[in-house]
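Using the numbering used here, the letters of the sequence shown map in sequence onto residues 326 to 512.
Glycine included, every Cβ here is placed at the ideal spot set by N, Cα and C.
All of these numbers come straight from a predicted model, not from anything done at the bench.
Inspection log for the structure reproduced underneath, given as structure tokens.
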Amino acid sequence: AVCNFSPTPCKDPPDKLFTVHGLWPSNAKGNDPEGCKTQKYQKMQTLEPQLEIIWPNVYNRTANEVFWRKQWYKHGSCASPPLKNQTHYFDTVIKMYRTQKQNVSYILSRANIEPKGEKRALVDIENAIRSGTNNKAPKLKCQTNARMTALVEVTLCSDSNLTQFINCPRPFPPGSPFICPTDNIQY
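The structure is reproduced here in structure tokens:
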């Protein structure tokens with residue numbers, strides 16, 4: 326859906342699955358921290374094959390490293406503690422996706438919600454995700470154009486130790502163009 330709604334077209338056919346966009350430290354109130362440290366980004370050859378699958382640059386898969394570097398400088402550099410360094414930051418993302426069941430496509434699939442372009446009710450999507458996150462509320466982002474409203478992003482929130490899910494603390498404000506309607510959400 327991101328590729329369908331972006332002014333920057335995707336460079337290759339998108340996979341029909343949710344991928345990681347980032348691991349972002351946040352505050353329950355106020356602005357989220359960004360650009361906290363200037364630690365130099367280092368190439369991660371051992372992690373790259375896994376990151377290419379779960380955390381690709383969907384706009385240009387030949388520029389994954391540029392995307393990861395941006396995510397590290399903007400968000401990862403603010404993740405200490407509990408994340409000690411760049412390798413720990415990216416390795417944590419991989420572990421969260423694979424072992425802590427933060428694979429949104431898998432969670433939805435277990436509830437028989439598949440990316441077939443069908444229209445869904447918001448409550449069905451939320452309940453499916455809650456069933457995979459110990460009944461914790463996700464933050465869902467939708468986008469609408471003249472033809473459809475599509476689910477484009479699912480945020481899962483965890484505690485500051487990154488050990489358990491929590492209810493996402495800040496929904497989109499009233500009037501936001503990203504609020505999902507109660508029904509007819511394409512996925």
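* Are the beta-carbon atoms of Ile-379 and Asn-437 separated by less than 9 Å? -> No Cβ-Cβ contact shorter than 9 Å links Ile-379 with Asn-437.
* Take Asn-486 and list the residues in its own chain whose beta-carbon comes closer than 8 Å to its own, dropping the five residues that flank it on each side. => Around Asn-486: Pro-407.
* Nearest-angstrom Cβ-Cβ length linking Val-479 and Ile-454, presumed shorter than 8 Å -> Between Val-479 and Ile-454 a beta carbon distance of about 7 Å is seen, short of the 8 Å cut, so the two are scored as contacting.
* Considering Cys-328, what are the terminal residues of the alpha helix (DSSP H) in which it resides? -> Cys-328: member of the alpha helix (DSSP H) spanning 327–330, first to last residue.
* To do: Find the nearest neighbour of Ile-491 within the set Asn-460, Ala-471, Thr-417, His-400, judged by alpha-carbon distance.
  => Of the candidates Asn-460, Ala-471, Thr-417, His-400, the residue whose Cα lies closest to the Cα of Ile-491 is Asn-460.
* Going by beta carbon distance, what residues of the same chain come within less than 8 Å of Val-383, once the five residues before and after it are set aside? -> Beyond the five residues adjoining it in sequence on each side, Val-383 comes within less than 8 Å, by CB distance, of Val-327, Cys-328, Cys-335, Pro-339, Thr-344 in the same chain, given in chain order.
* For Thr-417, which residues of its own chain have a beta-carbon under 7 Å away from its beta-carbon, when the five flanking residues on both sides are left out? -> Excluding positions up to five away in sequence, the list reads Leu-348, Leu-408, Leu-487.
* **Residues bridged to Phe-497 [DSSP beta-bridge criterion]** => DSSP, once it has assigned bridges, lists no residue as partnering Phe-497.
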